[in-house]
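Notes to accompany the following structure.
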Ligand SMILES: O=C(O)CCC(=O)C(=O)O
Ligand SMILES: [Fe+2]
């Protein structure tokens with residue numbers, strides 16, 4: 001693991017050391033400022049070809065479907081008042097390769113399962129510990145956005161998300177986000193509606209991500225999307241999903257939507273427990 005990572009900048013080879021503490025402090029400051037932190041060049045340049053090539057080999061295994069959704073991922077026939085941003089229908093055209101289709105020896109599995117990586121990420125998010133999902137499909141995914149497609153505006157169910165671009169599209173496919181557009185107590189539907197209607201530029205930040213950059217993101221309160229990919233090639237990201245509690249498994253319905261498959265494990269779970277009552 002530590003030979004994959006630029007340990008000069010991100011000292012995963014010396015947990016708890018002075019440089020580790022400094023790197024964690026910088027990441028925490030960025031997260032505190034706007035809920036997003038990009039650790040540039042996290043993966044050493046000599047591994048970037050492998051990172052991209054492994055994703056290219058996996059991408060045909062994604063579950064390709066275009067789904068009509070809303071920003072809250074609640075059913076489209078939910079009764080909502082006039083003007084509610086949840087009434088705006090979006091097309092979710094990204095496709096996920098599920099964890100059980102990603103070989104254990106790929107770089108992204110090695111990163112996802114690395115205890116020292118998990119320790120580092122937990123420290124950056126100021127968490128005592130974090131756990132891989134028990135869900136056999138959702139813990140680690142490759143997110144594939146093909147030309148003409150986008151991963152439309154949404155919030156994450158998880159309070160924190162870790163991801164890494166592995167393949168850059170020719171154009172478009174930008175990660176865009178609206179820091180703290182909602183809070184634990186307030187949905188702020190007016191600003192959300194502006195963003196969904198293309199009138200929210202004042203609220204949007206854009207990231208210039210490069211392959212091998214590690215992104216730490218608090219996506220529960222920041223509306224975000226991957227803008228439409230243009231040109232001839234796909235955009236790929238590895239999504240490393242962790243939770244503060246052990247044993248997390250998604251619901252059967254969500255698994256069917258994202259992966260086109262439901263496993264026996266998914267039938268045993270009720271909806272994930274959450275600390276708030278926000279939509280999705
Ligand atoms: O692929 C990305 O860069 C973002 C993915 C994302 O927002 C998600 O999977 O929830
Ligand atoms: Fe997301």
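Residue numbers (UniProt numbering): 1 to 280. Yeah, the Cβ is synthetic: ideal placement off N, Cα and C, and Gly gets one too.
| Item | Value |
| --- | --- |
| As assigned by DSSP and simplified to three states, the class of residue 266 | helix |
| Separation of residue 130 from residue 200, as counted between CA atoms | 34 Å |
| Distance between beta carbons of residue 243 and residue 158, contact taken as under 8 Å | 7 Å |
| Any non-hydrogen atom of ligand 1 closer than 7 Å to residue 143 Cβ | yes |
| heavy atom of ligand 1 below 7 Å from residue 237 C-beta | yes |
| Any alpha helix (DSSP H) of 4 or more consecutive residues that is wholly inside the segment 91-167 | 107-113 and 115-124 |
| With 16 other Cβ atoms within 10 Å as the buried cut-off, status of residue 15 | exposed |
| Three-state class that DSSP yields for residue 227 in the structure shown | coil |
| Extent of the continuous alpha helix (DSSP H) run through residue 23 | 18-34 |
| Per-residue DSSP class, three states only, for residue 217 | strand |
| Sub-8 Å separation of residue 76 and residue 89 beta-carbons | yes |
| Whole-angstrom C-beta distance between residue 231 and residue 171, which should lie under 8 Å | 5 Å |
| Exercise answer, beta-carbon shell around ligand 2 heavy atoms below 7 Å | 154, 156, 161, 219 and 224 |
| Classification of residue 245 by the beta-carbon crowding that lies within 10 angstroms, buried from 16 upward | exposed |
| Terminal residues of the beta strand (DSSP E) in which residue 240 lies | 235-240 |
| Residue 69 to residue 92 span [Cα, whole Å] | 7 Å |
| Inter-residue Cα distance where the pair is residue 128 and residue 160 | 14 Å |
| Burial state of residue 111 (16 or more Cβ within 10 Å) | buried |
| Residue span of the alpha helix (DSSP H) that contains residue 254, given as start and end | 252-259 |
| Residue 177 beta carbon less than 8 Å from that of residue 205 | yes |
| C-alpha distance - residue 258 paired with residue 95, whole-angstrom precision | 7 Å |
| Contact test: residue 131 Cβ vs ligand 1 heavy atom, cutoff 7 Å | no |
| Residue closest to residue 148, alpha-carbon to alpha-carbon, out of 115, 235, 193 and 183 | 235 |
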